[in-house]
Amino acid sequence: MDREQYNQVIKAIGKRDLFAQGDEAYAYGALLAGCRFFAGYPITPATETAEVMSLLLPRVGGTHIQMEDEIASMGAVIGASLAGVKSMTVTSGPGFSLMQENIGYACMVEAPCVVVDVQRSGPSTGQPTEPSQGDIMQARWGSHGDYEIIALSPNSVQESLNLTIECFNHSERYRNPVLLMTDGEVGHMREGITIPDYGEYEVHEREKPRKPAGEYVPFLPEEGKVPRIADFGCGYHTYLTGLTHKPSGLPATDDAAVHTRLVTRLARKSPKILTSSPELKNSTWTTLRPPSSVTGSPLEQLRMRLRSCVPKVGKSAIFD
Amino acid sequence: MRTEIRIAGFGGQGVVLAGLLLGEAAIRDGKQAVQTQSYGPESRGGAARSEVLISDEKIDYPKVIEADVLVALSQEAFDKFRPFVKENGAVIIDRDLVKVKEDRLRSVPFTKMADTLGKKVVANSVMLGYLVASTRVISAESMQAVIREKVPKHTIDLNLQAFDKGIEFWRQER
Numbered sequence: 002m003d004r005e006q007y008n009q010v011i012k013a014i015g016k017r018d019l020f021a022q023g024d025e026a027y028a029y030g031a032l033l034a035g036c037r038f039f040a041g042y043p044i045t046p047a048t049e050t051a052e053v054m055s056l057l058l059p060r061v062g063g064t065h066i067q068m069e070d071e072i073a074s075m076g077a078v079i080g081a082s083l084a085g086v087k088s089m090t091v092t093s094g095p096g097f098s099l100m101q102e103n104i105g106y107a108c109m110v111e112a113p114c115v116v117v118d119v120q121r122s123g124p125s126t127g128q129p130t131e132p133s134q135g136d137i138m139q140a141r142w143g144s145h146g147d148y149e150i151i152a153l154s155p156n157s158v159q160e161s162l163n164l165t166i167e168c169f170n171h172s173e174r175y176r177n178p179v180l181l182m183t184d185g186e187v188g189h190m191r192e193g194i195t196i197p198d199y200g201e202y203e204v205h206e207r208e209k210p211r212k213p214a215g216e217y218v219p220f221l222p223e224e225g226k227v228p229r230i231a232d233f234g235c236g237y238h239t240y241l242t243g244l245t246h247k248p249s250g251l252p253a254t255d256d257a258a259v260h261t262r263l264v265t266r267l268a269r270k271s272p273k274i275l276t277s278s279p280e281l282k283n284s285t286w287t288t289l290r291p292p293s294s295v296t297g298s299p300l301e302q303l304r305m306r307l308r309s310c311v312p313k314v315g316k317s318a319i320f321d
Numbered sequence: 129m130r131t132e133i134r135i136a137g138f139g140g141q142g143v144v145l146a147g148l149l150l151g152e153a154a155i156r157d158g159k160q161a162v163q164t165q166s167y168g169p170e171s172r173g174g175a176a177r178s179e180v181l182i183s184d185e186k187i188d189y190p191k192v193i194e195a196d197v198l199v200a201l202s203q204e205a206f207d208k209f210r211p212f213v214k215e216n217g218a219v220i221i222d223r224d225l226v227k228v229k230e231d232r233l234r235s236v237p238f239t240k241m242a243d244t245l246g247k248k249v250v251a252n253s254v255m256l257g258y259l260v261a262s263t264r265v266i267s268a269e270s271m272q273a274v275i276r277e278k279v280p281k282h283t284i285d286l287n288l289q290a291f292d293k294g295i296e297f298w299r300q301e302r
């Protein structure tokens, strides 16, 4: 994301001080983080994000596709991501359920992508216009097998924008799907927000392989635990499968050692504690000093709020 | 100071848009504002409400606790939300849509006035004019600027006329 691209995004949005909905903020955050592909299927209370993306993405050289359902949406997002474009989808409970299979696939092929879940009341189609937080367990354990996920959760419109950018950075850094677990209340709430200036926020760009085409091994990390991605079409040979695979990407479905090595790396490549930004560091315990008109005395109250649902943040004990 | 405004009626009356415009105008006045909305799955006809909080300080809780202003545009909305208004709060109703025995209410024929302008759908702008004039929680100038910015282009003049009609009604009432 260079200054010219940033200016293009601001021109598309119109101005930097806005009275905006959470749903709009997810779209703005995505564009500011460099997202240039969106595939989705409309669902209350998440539709406004898709509306904004369909309007603004073409103005910044991106692509918006309305797919036939949420299964296909997630598939399109994974494909676009591995072709080298930062990608996102947005949905709510019923769609989130449908996406689980492909979220597992994205974890296995290590496709960076962001899924915004604007939670509504369930089970099933439930109450479309009523907020809920009933998808949190599904965020952690929704797909089968041993995998790790990163899921953040905003409580204001400004934070919706900031954490969406953060989701993209984590997804590119750890080569993993990242979930933004928000809800219909925050998604439909309007507040005054300010879009950060160029250089005021971090954008993590995808790191290209250092090795030349002939020597590149798709799932062998050059350093650390996260392999670099050779985007489809860039001249490298690569291979993807949801089956247990060797570092070459080719399936090895009856070898315990290969499976253990792969799944262990997948489980350990992202940190158990996220402290990568001030937003997350500050998210554990805060002291509230409510006005004495509320409590009757100037008592301090201790409040815990997690901006990160998974993995845990700081010293919080949730999900321990 | 924190002002809590609740506008309630049914889908199609522009309840949510009115809340959005109020919040946007408050921001333009240099205040803090949060707007939330609640409606059924139907796009028209179901119960709808919009809540706007306006404050000089950061707003912690985004919903109405006890309303300073209730605007009820349907009988159902009035019956449901009348008990949750502050003792000295203002209750504003559309007199042709809400039948009540209380006499301390501000009873205005919003929809009928909009009808005389040729379109019932601008009843929400008449209401905003009356609301802004009677509560003075935001400036009329900001509201007019926001109307110009947010409503469909070919309806700007109509909406501004409707807004003025609401202000005018308040002046005559006094």
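As they're listed, the protein sequences go chains G and R.
Each number in our numbering corresponds to the 1-based position in the first sequence with 1 added.
Each number in our numbering corresponds to the 1-based position in the second sequence with 128 added.
Beta carbons are placed, not taken as given, at the ideal position from N, Cα and C, and that holds for glycine.
Fair warning: this is a prediction, and the values are worked out from it, not measured in the lab.
(message) Can you tell me whether residue 169 of chain G is helix, strand or coil according to DSSP?
(response) helix
(message) If you measure between the beta carbons of residue 290 of chain R and residue 257 of chain R, is that distance less than 8 Å?
(response) yes
(message) Buried or exposed for residue 193 of chain R, going by 16 or more other Cβ atoms inside 10 Å?
(response) exposed
(message) If the cut-off is 8 Å on Cβ atoms, which residues from the region 148-171 of chain R count as contacting chain G, listed in chain order?
(response) 148, 151, 152, 155, 160, 161, 162, 163, 164, 165, 166, 167, 168, 169
(request) Identify, in the order they occur along the chain, each residue of the same chain with its Cβ nearer than 7 Å to the Cβ of residue 286 of chain R, setting aside the five sequence neighbours on each side. (result) 245, 247, 250
(request) State yes or no: is the beta carbon of residue 138 of chain R nearer than 8 Å to at least one beta carbon in chain G? (result) no
(message) In this structure, how does DSSP classify residue 292 of chain G when only helix, strand and coil are distinguished?
(response) For residue 292 of chain G, the predicted model reports a pLDDT of 47, less than 50, meaning its position is unreliable and no value from the coordinates is stated.
(request) Say whether chain G places a C-beta atom closer than 8 Å to the C-beta of residue 190 of chain R. (result) yes
(request) Determine the contact status of residue 63 of chain G and residue 38 of chain G, defining contact as a CB-CB distance below 8 Å. (result) yes
(request) Name the two residues that bound the continuous alpha helix (DSSP H) containing residue 235 of chain G. (result) First-last for residue 235 of chain G: undefined, no H or E at that position.
(request) Mind listing the chain R neighbours of residue 190 of chain G? Cutoff is C-beta to C-beta under 9 Å, in chain order. (result) 162, 163, 164, 165, 190
(request) Compare the beta carbon distance of residue 10 of chain G and residue 41 of chain G with 8 Å and say whether it is the shorter of the two. (result) no
(request) Could you tell me whether any Cβ in chain R is nearer than 8 Å to the Cβ of residue 130 of chain G? (result) yes
(message) Within 8 Å, do at least three Cβ pairs link the region 42-52 of chain G to the region 115-125 of chain G?
(response) yes
(request) Measure the alpha-carbon distance for residue 156 of chain G versus residue 135 of chain G and round it to whole angstroms. (result) 16 Å
(message) For a test of the three-state rule: what should DSSP assign to residue 175 of chain R, helix, strand or coil?
(response) strand
(message) Can you pull the chain R neighbours of residue 193 of chain G, defined as C-beta to C-beta under 8 Å?
(response) 155, 160, 161
(request) Count the other CB atoms, across all protein chains shown, that sit within 10 Å of the CB of residue 87 of chain G; report buried if there are 16 or more and exposed otherwise. (result) buried
(message) Less than 8 Å between CB atoms is the rule here; does residue 186 of chain G satisfy it with respect to chain R?
(response) yes
(request) Please specify which runs of the beta strand (DSSP E), each continuous and at least 3 residues long, are wholly inside the region 125-176 of chain G, giving them in chain order. (result) 128-132, 151-153
(message) What does the alpha-carbon distance come out to for the pair residue 236 of chain R and residue 186 of chain G?
(response) 31 Å
(request) Below 7 Å between beta carbons is the criterion; list the residues of the region 3-31 of chain G that meet it against any residue of chain A, in chain order. (result) Absent from the structure: chain A. Protein chains present are G and R.
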